[in-house]
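Chemist:
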Ligand SMILES: Nc1nc2c(ncn2[C@@H]2O[C@H](COP(=O)(O)OP(=O)(O)OP(=O)(O)O)[C@@H](O)[C@H]2O)c(=O)[nH]1
């Protein structure tokens, strides 16, 4: 059920066919397209791997090229929820590729990840939230995540600052750690709900 398809462009590009997303007739099954967005290095791939496989990708940092996705099925109150989670490249040079995928990220989420250890602090978060609003559908469900909460020594962004930004944009906020697993399952489950 795992999709690790590099660019995934031919098979799963927006508007190129594929299965219809949304609630099925019986309403016992849902398909949600979730986007993980944020600056390079904030930990998007690691969060996805933690959620999907329950493991932490330690070792050298390999930046995502273009876009990639993985599927995970959740059972929530008797409803089978098929999450298709897209891991976008944070690097600027891939921006034009990833923008195209925002459009049909429906009730899933445009998720912003904020590295608490990055000196650039909260500013990238604002840019990403603005970008999602611009390219995704109006009703896209957003959530702000502050990742790497385990790195207490290097922490530069206070919890209150993350909360304030999230409030400003009217989105929920959660602090996570792909390394320890803290709140990772909770964050994905919350957005699916
Ligand atoms: N301490 C700590 N390190 C983390 C955590 N999550 C990710 N990292 C590390 O941060 C680095 C970047 O992680 P990635 O998940 O590859 O970052 P990314 O956001 O996918 O980066 P791009 O693919 O370039 O957009 C790696 O060296 C990870 O091991 C975390 O929760 N805690």
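Numbering (our numbering), first residue to last: 2 to 194. Beta carbons: idealized from backbone N, C-alpha and C, even for Gly. Here the structure is a predicted model, which is why all the values come from computation and not from measurement.
(1) Rounded to a whole number of angstroms, what is the C-alpha to C-alpha distance between residue 135 and residue 80?
(2) What is the DSSP secondary structure of residue 6, reduced to helix, strand or coil?
(3) Determine the burial state of residue 72: buried for a count of at least 16 other Cβ atoms within 10 Å of its Cβ, exposed for fewer.
(4) Where does the unbroken beta strand (DSSP E) through residue 80 begin, and where does it stop?
(5) In three-state terms, what does DSSP make of residue 32?
(6) According to DSSP, what are the bridge partners of residue 75?
(7) Heavy atom of ligand 1 less than 8 angstroms from the Cβ of residue 54, yes or no?
(8) Go ahead and pull the three-state DSSP assignment for residue 38.
(9) Going by beta-carbon coordinates alone, are residue 188 and residue 57 separated by less than 9 angstroms?
(10) Given 8 angstroms as the limit, is there contact between the stretch 82-95 and the stretch 27-47, that is, 3 or more CB pairs closer than that?
(11) Among 148, 165, 105, 150, whose alpha-carbon lies nearest the alpha-carbon of residue 139?
(12) Can you tell me where the alpha helix (DSSP H) holding residue 50 begins and where it ends?
(13) Measuring only the C-alpha atoms, how far is residue 96 from residue 150?
(14) Compute every distance between the C-beta of residue 146 and the non-hydrogen atoms of ligand 1, then say whether any falls below 8 angstroms.
(15) Less than 8 angstroms between the CB of residue 59 and some heavy atom of ligand 1, yes or no?
(16) Just tell me which of 147, 100, 141 has its CA closest to the CA of residue 184.
(17) Which one or two residues does DSSP pair with residue 69 in a beta bridge?
(18) In angstroms, rounded to a whole number, what distance separates the CA positions of residue 130 and residue 102?
(19) I need the straight-line Cα distance from residue 145 to residue 55, nearest angstrom please.
Modeler: In this structure, then:
(1) If you number the chain shown from 1, residue 135 lands on position 134. If you number the chain shown from 1, residue 80 lands on position 79. Roughly 31 angstroms between the two C-alpha positions.
(2) Along the chain shown, read from residue 1 onward, the residue named residue 6 stands at position 5. With a pLDDT of only 33 at residue 6, under the threshold of 50, the placement of this residue in the model should not be trusted; the figure read from the coordinates follows. Correct three-state label for residue 6: coil.
(3) Taking the chain shown and counting its residues from 1, one reaches residue 72 at position 71. Residue 72 comes out exposed.
(4) Working through the chain shown from its first residue, we reach residue 80 at position 79. That run of the beta strand (DSSP E) goes 80-89.
(5) Along the chain shown, read from residue 1 onward, the residue named residue 32 stands at position 31. It is a strand residue.
(6) To locate residue 75, count along the chain shown from 1; it is residue 74. In the DSSP output, where bridge partners are listed per residue, residue 75 has 82.
(7) Reading the chain shown from its first residue, position 53 is the one you call residue 54. Incorrect: residue 54 has no Cβ contact closer than 8 angstroms to ligand 1.
(8) Your numbering for residue 38 matches position 37 in the chain shown. The answer is strand: DSSP assigns residue 38 an E or B state.
(9) Here the question's residue 188 lines up with position 187 in the chain shown. Here the question's residue 57 lines up with position 56 in the chain shown. It is not a contact, given that the beta carbons lie outside the stated cut-off.
(10) yes
(11) Position 138 of the chain shown, counted from the first residue, corresponds to residue 139. Answer by Cα proximity: 105.
(12) Working through the chain shown from its first residue, we reach residue 50 at position 49. Element bounds for residue 50: 45-54.
(13) In the chain shown, counting from the first residue as 1, residue 96 sits at position 95. In the chain shown, counting from the first residue as 1, residue 150 sits at position 149. Straight-line Cα distance between these residues: approximately 26 angstroms.
(14) On the chain shown, position 145 is the one that residue 146 refers to. No, ligand 1 has no heavy atom inside 8 angstroms of this Cβ.
(15) Position 58 of the chain shown holds residue 59. Answer for residue 59: yes, Cβ within range of ligand 1.
(16) Position 183 of the chain shown holds residue 184. It is 147 whose Cα lies nearest to the Cα of residue 184.
(17) The residue you call residue 69 lines up with position 68 of the chain shown. Answer is 88, bridged to residue 69.
(18) Counted from its first residue, the chain shown places residue 130 at position 129. Counted from its first residue, the chain shown places residue 102 at position 101. Roughly 15 angstroms between the two C-alpha positions.
(19) On the chain shown, residue 145 is found 144 positions in, with the first residue counted as 1. On the chain shown, residue 55 is found 54 positions in, with the first residue counted as 1. Each residue's Cα considered, the two are about 21 angstroms apart.
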